[in-house]
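Chemist:
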Amino acid sequence: MNNTKGSVSLSRWGIVYVPMAGVRKKHRRWHQIKEYLELKKVQYDYIQSEDYGAVERLARMYVENGYKTIVVVGGDMAINDALNGIMASSLESLDDISFGIIPNGIGNDFASFWGLEVDEYKKSIDYLIKGVRRRIDIGYCAFGDGDVLQKRYFLMAVNIGLGAKAIEISDECKHFWGKRNPTYIISLFRLFLERKQYKMHLKVNDEILNDRLMTVCVGNSRGYGLTPSAVPYNGWLDVSVVYRPELRQLIQGLWMMLRGHILNHKMVKPYRTKKVVLYSAENASVCVDGRTLVYSCPLEISLMPEFLNFIVPN
């Protein structure tokens, strides 16, 4: 990799490859992608990272060394880490930077939103080569950490409460097994059966909610099915506030979520907003694009409209 800032060809991609968790032959996937990149005569440099924490650093390094196209081969959390690396760069403007993805791994909700499936890496590469770009909204969580303002950026959703806890269980199981397995399904079902509530105090638009809630999802995209109407290019955040359903309503709600109709459920209250402020959430986990956030309240969730170039299917 060329580390001289500004010396990289404008057409050269900087690729971060994150192998699929739980897979023994981790290099096979990259060899397939590499072979197709070379067949298509793509100029690129790549670095493999098996440490999710390093993805952010590598993406930032690419940007600060002059790469204009940053591509992450990975799942939702790898994409989120790469996004945060790009956003943390020292560049005054990101107008010349383009972000692209090749889905890899178990969780690919953001890629699926754009019609990109994990087994269709050639299709993803073809779209990247065509280079159709669209300015997309970037969401963020902001909170005080002592005298320092902390920010975590997201493309999909922020989940608070039971939804975040379910994502944590899902992530633990996927890293251990490498696939959705009976242990994960049983744990997730038991978690929903508990129908645990969290005392939350938050503001959405001009409405104050101070109640016991099951989960809250703030979506810049479809948010794992909880904000199915959200799109990352309309300048709005969709919010689904889920109250504690009866058991029959819970089963009905899971079915409606799978079919994309969760907003019609009587225990779900939907909103569309520019900002959410969480004043308190007793013992509630918060996940940002599947990544658990260590946070403090008040926590502001908002977005920057049309902030980053994303390479999209045409």
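In short: position in the sequence shown from 1, add 100, done, that's the numbering used here.
Every residue gets a Cβ at the ideal spot worked out from N, C-alpha and C, and that includes glycine.
#1: Considering Ala-178, what are the terminal residues of the alpha helix (DSSP H) in which it resides?
#2: Please classify Val-232: is it buried, with 16 or more other beta-carbons within 10 angstroms of its beta-carbon, or exposed?
#3: Using beta-carbon positions only, say whether Gly-207 and Asp-176 come within less than 9 Å of one another.
#4: Would you list, in sequence order, the uninterrupted beta strand (DSSP E) runs of no fewer than 3 residues that lie entirely inside the stretch 298 to 322?
#5: Please say whether Leu-183 and Ala-159 have beta carbons closer to each other than 9 Å?
#6: Going by C-alpha distance, which of Ala-178, Lys-223, Asn-383, Phe-213 is nearest Leu-137?
#7: Measuring straight from C-alpha to C-alpha, what distance separates Met-161 and Gly-323?
#8: Helix, strand or coil for Tyr-253 per DSSP?
#9: Quick check on DSSP: helix, strand or coil for Glu-220?
#10: Looking at C-beta atoms only, is the number of pairs between the stretch 304 to 320 and the stretch 194 to 209 that lie closer than 8 Å three or more?
#11: Within its chain, find whatever has a CB closer than 6 Å to the CB of Ile-115; leave out the 5 residues flanking it on each side and keep chain order.
#12: Asp-389: which of Ile-229, Ser-402, Ile-267 sits nearest, CA to CA?
#13: Give a yes or no on whether the C-beta atoms belonging to Lys-168 and Ile-197 are separated by under 9 Å.
#14: In the DSSP assignment, find the unbroken beta strand (DSSP E) run with Ser-340 in it and report its ends.
#15: How many Å lie between Val-118 and Gly-174 at the Cα?
#16: For Tyr-240, which three-state DSSP category applies?
#17: With DSSP collapsed to three states, give me the class of Ser-396.
#18: Can you tell me where the beta strand (DSSP E) holding Asp-145 begins and where it ends?
#19: Take Gly-263 and list the residues in its own chain whose beta-carbon comes closer than 6 Å to its own, dropping the five residues that flank it on each side.
#20: Comparing alpha-carbon positions, which option in His-127, Asn-259, Val-331, Ala-381 lies nearest Arg-234?
#21: Compute the distance between the beta-carbons of Pro-398 and Phe-243, then report whether it is under 9 Å.
#22: Can you name the start and end residues of the alpha helix (DSSP H) that Ser-212 belongs to?
#23: Taking DSSP as the reference, what is the three-state secondary structure of Met-120?
#24: Tell me where the beta strand (DSSP E) around Arg-372 begins and ends.
#25: Measuring alpha carbon to alpha carbon, tell me which of Glu-406, His-131, Lys-141 ends up nearest Arg-112.
#26: For a cutoff of 9 Å on Cβ pairs, would you count Gly-323 as touching chain B?
#27: What do you get for Ser-190, buried or exposed, if any count of 16 or more other CB atoms within 10 angstroms of its CB means buried?
#28: In three-state terms, what does DSSP make of Asp-226?
#29: Does the distance from the C-beta atom of Val-368 to that of Tyr-343 stay below 9 Å?
#30: Within the continuous beta strand (DSSP E) that includes Tyr-379, where are the two ends?
#31: Tell me which same chain residues have a C-beta within less than 7 Å of the C-beta of His-131, skipping the five on either side of it?
Modeler: In brief:
#1: 176 to 187
#2: exposed
#3: yes
#4: 298 to 304, 307 to 313, 315 to 319
#5: yes
#6: Lys-223
#7: 29 Å
#8: strand
#9: coil
#10: no
#11: Tyr-144, Tyr-146, Val-171
#12: Ile-267
#13: yes
#14: 337 to 342
#15: 5 Å
#16: strand
#17: coil
#18: 144 to 148
#19: Thr-315, Cys-317
#20: Val-331
#21: yes
#22: 209 to 213
#23: coil
#24: 368 to 373
#25: Lys-141
#26: Protein chains in the displayed structure number just one, and chain B is not present.
#27: exposed
#28: helix
#29: yes
#30: 376 to 381
#31: none
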